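Asker: Protein chains in written order, with the numbering used here: chain R, 452 to 782; chain E, 452 to 782.
Built from N, CA and C at the ideal position, the CB exists for glycine as well.
Note that the coordinates shown come from a computational prediction; the quantities given were computed from them, not determined experimentally.
Number of protein chains: 2
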Amino acid sequence: MASIKDVAKQANVSTATVSHVINGTRYVADSTKDKVFAAMDVLDYRPNMVARSLRSRKSNTIGLLVPLVAQDSSNFFFMSIAHGIEQVLRENGYNLVLSNSNEDSETEQDQIKVFNTQFIDGLIIAPVNGKEHSYQDQLTGDYPVVFIDRRPNQVEGDVILVNNRQGTRDGVQKLVEKGHERIGFISGTLGITTSDERLAGYQEGLKQHEIPTKDDYIKEGPATFQCGYDLAKELHEAGVTALFVANNVMTMGAIAYLQAYDVQIPEEMAIIGYDDYDWMKIVSPPLSVVRQPAYDLGRVAVEQLLKRIEGSEEEANEILLDSELILRGSC
Amino acid sequence: MASIKDVAKQANVSTATVSHVINGTRYVADSTKDKVFAAMDVLDYRPNMVARSLRSRKSNTIGLLVPLVAQDSSNFFFMSIAHGIEQVLRENGYNLVLSNSNEDSETEQDQIKVFNTQFIDGLIIAPVNGKEHSYQDQLTGDYPVVFIDRRPNQVEGDVILVNNRQGTRDGVQKLVEKGHERIGFISGTLGITTSDERLAGYQEGLKQHEIPTKDDYIKEGPATFQCGYDLAKELHEAGVTALFVANNVMTMGAIAYLQAYDVQIPEEMAIIGYDDYDWMKIVSPPLSVVRQPAYDLGRVAVEQLLKRIEGSEEEANEILLDSELILRGSC
DNA sequence: CTGAAAGCGCTAACAG
DNA sequence: CTGTTAGCGCTTTCAG
């Protein structure tokens, strides 16, 4: 691999000149530039990013840490976010290093450590659920951090979230408008911010129509297919006429139950699910859902991060992105 | 950030000693070791990986380049592969840098260039479909490369593939065993290796039962929901009694058609799809599918790569992993 | 058993 | 308009 020294020699200039030609960091006569470019061409020179990073303490790389779980459809959501991030990054000449916390707190800490020893210019984290370690202590690298999707406790910093409350409220209100009063709510384990906010949205939606909330109509459990199935059964037997399911895995389970027991949708049971995937069009009837703006979430997050990298000192931002209610046949 | 120099000073030893303590590269007296560890502790020292890479030309990082498309369910497949890769890498103290070619040839080339200027110790590529640039010319970094999922033309090198032919053949044979003779085949655009091999498997499956293949029963098109829908319609009208759909997106489309036209599954039309996702359990009846061993593919690929990194000179390997036929209610 | 010192490839003062 | 050179943090040879 040719180095900057080789290029300098070949072009009969100093390494400083070559460096400045590459980076456009000071004026270089056109004739000199030409010589340098020619030399770079001949030698097939590619700057060594590692050396550059070491010297300039800047890598033009940002890290993304997401909690993927194998075979979990939430992956779509995070991949969509990653896609938005990548897009913006590419426009700005940055690269992305993607890392996976496996929805596991320890792994997350390990990965943060890895990032701390690498040179990254910034980090975007979708925190793992549950037991929280102290991000403040971990994030000792001197790069800015933006949190997405879930609000970490006791951290001041930029946070970009989906407005879970609004999304759920809109869905529930639609159900009420359709004449439902006994509306069941199925949620993944409560205690994590997204679930809690969706529950709050559910309660808010009912409240605005002055429908009292009934604890029996609120069911929570691990976000699995089976649990969605079981809770749908419980709610059906409890006599609800509509279901709001706060995540897509449990939505699948709920639908499986309704189909297994021949419960007509939407006549006997209306249902609104969460997240929009292709398969929701092929269940019959097609499913109405709350769609989260994942791609935009990614874009907004990097934009905020890039502002910080460029030195913005404005105080910590919390940005909420609205969800969209997509009506199909299931309610 | 404390550097190795700071640690050396604090511990009253040379930087060489600190380095050797960290890396275990030569004998150091226990008493000295203790001093060094204490110093590292006090200063919260973390080695700078960039400097290490620059000096030792080794980054303990490997790259993964996959063709993700937003909202495409093939993402699952690649994420599953990534998961397998990560797992093995972590066991071996390596890190993963994931990059996305967006199923676009130019982006792929750009990303390879990025990898060439970074220090990676090895690269795993799932080549984009269609127009192929010459990998030989691009891959000028001096790291080993392993290709996965799709066989690149004119490249000698390690390739880890799913046995598409066997997977499809097994499915088709099952259909024949169930008494079907008019079996339709729906495929994504032909000309890419995976599609072609699946077609070959289809033909092979029929041949083994001495059923003549009929061109009218073989349909191809872009791997979209709509196209799956349309081609299922054509085949249904052509009088086939069973459908083998060679990818999951078109499988969704095909099912949507069958449902829309009230074609009973499997009585009027049996169907086997590709790839195993949760939603396949909730369509009625649950879908029989060919499951690809994605996770294992990832593991096998890194294992091969790590062997190369450690200097293995054995000749290029081509490994085929068998798919698994999962029978549910749709055939 | 340990230290001194060169140097990986690059950037950026400083000096003309 | 361009060159000289120190040094980023680390590994590793050579020397003791």
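1) Could you have a look at Leu612 of chain R and say whether DSSP puts it in helix, strand or coil?
2) Among E:Asn615, E:Thr692, E:Asp588, E:Val751, which residue has its Cα nearest to the Cα of Pro717 of chain E?
3) Using a cut-off of 8 Å between C-beta atoms, extract the partners of Val501 of chain R located in chain E.
4) Output the distance between the C-alpha atoms of Arg649 of chain R and Asn615 of chain R, rounded to the nearest integer angstrom.
5) Against chain E, with Cβ distances strictly below 7 Å, would Arg742 of chain R count as a contact?
6) In the DSSP assignment, what are the bridge partners of Phe598 of chain R?
7) Under a three-way DSSP split, which group does Asn551 of chain R fall into?
8) Which residues of the region 710–734 of chain R have a Cβ closer than 8 Å to any Cβ of chain E? Give them in chain order.
9) Where Pro578 of chain E and Arg601 of chain E are concerned, what is the direct C-alpha to C-alpha distance, given to the nearest angstrom?
10) With H, G and I counted as helix, E and B as strand and the rest as coil, what does DSSP make of Phe488 of chain E?
11) Measure the alpha-carbon distance for Phe598 of chain E versus Leu686 of chain R and round it to whole angstroms.
12) Going by DSSP in three states, Glu769 of chain E sits in which element: helix, strand or coil?
13) Measure from the C-beta of Val565 of chain E to each C-beta in chain R and report whether the shortest distance is under 7 Å.
14) In three-state DSSP terms, what is Gly656 of chain E?
15) Given a threshold of 16 other Cβ atoms within 10 Å of its Cβ, counted over all protein chains shown, does His631 of chain E qualify as buried or as exposed?
16) To which residues does DSSP link Ser739 of chain R through a beta bridge?
17) Using 7 Å as the limit for Cβ to Cβ distance, is His631 of chain E near chain R?
18) Under the three-state reduction of DSSP, which class applies to Val520 of chain E: helix, strand or coil?
19) Helix, strand or coil for Glu559 of chain E? Go by DSSP, reduced to three states.
20) Report the three-state DSSP secondary structure of Phe512 of chain R (helix, strand or coil).
21) Could one say the Cβ of Ile532 of chain R lies closer than 7 Å to chain E's Cβ atoms, at least one of them?
22) Taking the alpha carbon of Glu719 of chain R as the reference point, which residue from R:Val700, R:Ile634, R:Val696 has its own alpha carbon closest?
23) Indicate whether Phe695 of chain E and Phe636 of chain E have their beta-carbon atoms separated by less than 7 Å.
24) Using the three-state DSSP reduction, which class does Gly618 of chain E fall into: helix, strand or coil?
25) Please confirm whether Ser585 of chain E and Ala745 of chain E have their CB atoms less than 7 Å apart.
26) Can you determine whether any heavy atom of the ligand NAP sits closer than 6 Å to the C-beta of Glu688 of chain R, and answer yes or no?
27) Using the rule of at least 16 other Cβ atoms within 10 Å of the residue's Cβ for burial, across every protein chain shown, is Glu559 of chain R buried or exposed?
28) Have a look at Ala651 of chain E and Leu641 of chain E and give me their C-alpha separation to the nearest angstrom.
29) Counting pairs of Cβ atoms below 8 Å between the region 614–628 of chain E and the region 730–747 of chain E, do you hit three or more?
30) Could you work out which residue in R:Asn699, R:Ser465, R:Asp555, R:Ile455 is closest to Asp492 of chain R when comparing CA atoms only?
31) Hey, Lys484 of chain R and Val469 of chain R are a contact pair by Cβ (cut 8 Å); roughly how many whole angstroms apart?
32) At which residues does the beta strand (DSSP E) containing Ile777 of chain E begin and terminate?
33) Residues in the same chain with beta-carbon distance under 8 Å from Ala721 of chain E, minus the five sequence neighbours each way, listed in chain order, please.
34) Using a C-beta to C-beta distance shorter than 7 Å, which residues of chain R count as neighbours of Met703 of chain E?
35) Below 8 Å CB to CB, which residues in the same chain sit around Asn551 of chain E once its five sequence neighbours on both sides are set aside?
36) Count the other C-beta atoms from every protein chain shown that fall within 10 angstroms of the C-beta of Leu778 of chain E, then say buried if there are 16 or more, exposed otherwise.
Answerer: With the given structure in hand:
1) The residue labelled residue 612 of chain R in the question sits at position 161 within the first sequence. Reduced to three states, the DSSP call for Leu612 of chain R is strand.
2) Start at 1 with the first residue of the second sequence, and residue 717 of chain E comes out as number 266. Closest by alpha carbon: E:Thr692.
3) Numbered from 1 along the first sequence, position 50 holds the residue referred to as residue 501 of chain R. Here the neighbours are Val501, Ser504, Leu505, Ser510, Gln569, Phe570.
4) Residue numbering aside, residue 649 of chain R sits at position 198 when the first sequence is read from its first letter. Residue numbering aside, residue 615 of chain R sits at position 164 when the first sequence is read from its first letter. Each residue's alpha carbon lies about 5 Å from the other.
5) Taking the first residue of the first sequence as position 1, residue 742 of chain R is located at position 291. No, no contact with chain E.
6) Counting from one through the first sequence, the residue named residue 598 of chain R turns up at place 147. In DSSP, Phe598 of chain R forms a bridge with R:Ile576, R:Val610.
7) Reading the first sequence from its first residue, position 100 is the one you call residue 551 of chain R. Asn551 of chain R falls in the strand class under three-state DSSP.
8) Gln710, Tyr728, Asp729, Trp730, Lys732, Ile733, Val734
9) The residue you call residue 578 of chain E lines up with position 127 of the second sequence. The residue you call residue 601 of chain E lines up with position 150 of the second sequence. So the two alpha carbons sit approximately 6 Å from each other.
10) The residue labelled residue 488 of chain E in the question sits at position 37 within the second sequence. Helix at Phe488 of chain E.
11) As a working mapping, residue 598 of chain E is identified with position 147 in the second sequence. As a working mapping, residue 686 of chain R is identified with position 235 in the first sequence. Rounded to whole angstroms, Phe598 of chain E to Leu686 of chain R spans 49 Å at the Cα level.
12) If you number the second sequence from 1, residue 769 of chain E lands on position 318. Glu769 of chain E: strand per DSSP, three-state reduction.
13) Numbered from 1 along the second sequence, position 114 holds the residue referred to as residue 565 of chain E. For Val565 of chain E, the answer is yes, since a Cβ of chain R falls inside 7 Å of its Cβ.
14) Counting from one through the second sequence, the residue named residue 656 of chain E turns up at place 205. Of the three classes helix, strand and coil, the one that applies to Gly656 of chain E here is helix, per DSSP.
15) Reading the second sequence from its first residue, position 180 is the one you call residue 631 of chain E. Buried, by the Cβ-count rule.
16) Locating residue 739 of chain R in the first sequence gives position 288, where the first residue counts as 1. Bridge partners of Ser739 of chain R: R:Ile723.
17) Translated into positions along the second sequence, residue 631 of chain E becomes position 180. With 7 Å as the cut-off, His631 of chain E does not count as an interface residue toward chain R.
18) Counting from one through the second sequence, the residue named residue 520 of chain E turns up at place 69. Reduced to three states, the DSSP call for Val520 of chain E is coil.
19) Taking the second sequence and counting its residues from 1, the one referred to as residue 559 of chain E is at position 108. It is helical.
20) Position 61 of the first sequence, counted from the start, is the residue given in the question as residue 512 of chain R. The amino acid occupying residue 512 of chain R in the given sequence is Thr; Phe does not appear at that position. If DSSP states are grouped into helix, strand and coil, Thr512 of chain R belongs with the strands.
21) Taking the first sequence and counting its residues from 1, the one referred to as residue 532 of chain R is at position 81. No, its Cβ sits nowhere closer than 7 Å to a Cβ of chain E.
22) Walking along the first sequence from the start, residue 719 of chain R turns up at place 268. When each option's Cα is compared against that of Glu719 of chain R, the closest is R:Ile634.
23) As a position in the second sequence, residue 695 of chain E is number 244, starting the count at 1. As a position in the second sequence, residue 636 of chain E is number 185, starting the count at 1. Against a cut-off of 7 Å, the Cβ pair of Phe636 of chain E and Phe695 of chain E comes out as a contact.
24) As a first step, residue 618 of chain E is located in the second sequence; it is residue number 167 there, counting from the start. In this structure, Gly618 of chain E counts as helix in the three-state DSSP scheme.
25) Looking up residue 585 of chain E in the second sequence gives position 134. Looking up residue 745 of chain E in the second sequence gives position 294. Taking 7 Å as the Cβ cut-off, Ser585 of chain E and Ala745 of chain E do not qualify as a contacting pair.
26) In the structure on display, the ligand NAP does not appear, and there are no ligands present to speak of.
27) Start at 1 with the first residue of the first sequence, and residue 559 of chain R comes out as number 108. With 16 or more other Cβ atoms within 10 Å, it is buried.
28) The sequence position of residue 651 of chain E within the second sequence is 200, counting from 1. The sequence position of residue 641 of chain E within the second sequence is 190, counting from 1. So the two alpha carbons sit approximately 11 Å from each other.
29) yes
30) Here the question's residue 492 of chain R lines up with position 41 in the first sequence. For the residues R:Asn699, R:Ser465, R:Asp555, R:Ile455, the minimum Cα distance to Asp492 of chain R belongs to R:Ile455.
31) Taking the first residue of the first sequence as 1, we reach residue 484 of chain R at position 33. Taking the first residue of the first sequence as 1, we reach residue 469 of chain R at position 18. About 10 Å; that fails the 8 Å criterion.
32) As a first step, residue 777 of chain E is located in the second sequence; it is residue number 326 there, counting from the start. Counting along the chain, the beta strand (DSSP E) containing Ile777 of chain E begins and ends at 775–777.
33) In the second sequence, the residue the question calls residue 721 of chain E occupies position 270. So the list reads Leu626, Lys629, His631, Thr692, Ala693, Leu694, Ser781, Cys782, once near-sequence residues are dropped.
34) For the purposes of this step, residue 703 of chain E is identified with residue 252 of the second sequence, where counting begins at 1. Asp729, Trp730, Ile733, listed in chain order.
35) For the purposes of this step, residue 551 of chain E is identified with residue 100 of the second sequence, where counting begins at 1. Closer than 8 Å at Cβ, skipping near neighbours: Leu516, Val517, Pro518, Leu519, Thr558, Gln562.
36) Locating residue 778 of chain E in the second sequence gives position 327, counting from the first residue. Counting Cβ neighbours within 10 Å, Leu778 of chain E comes out exposed, since fewer than 16 surround it.
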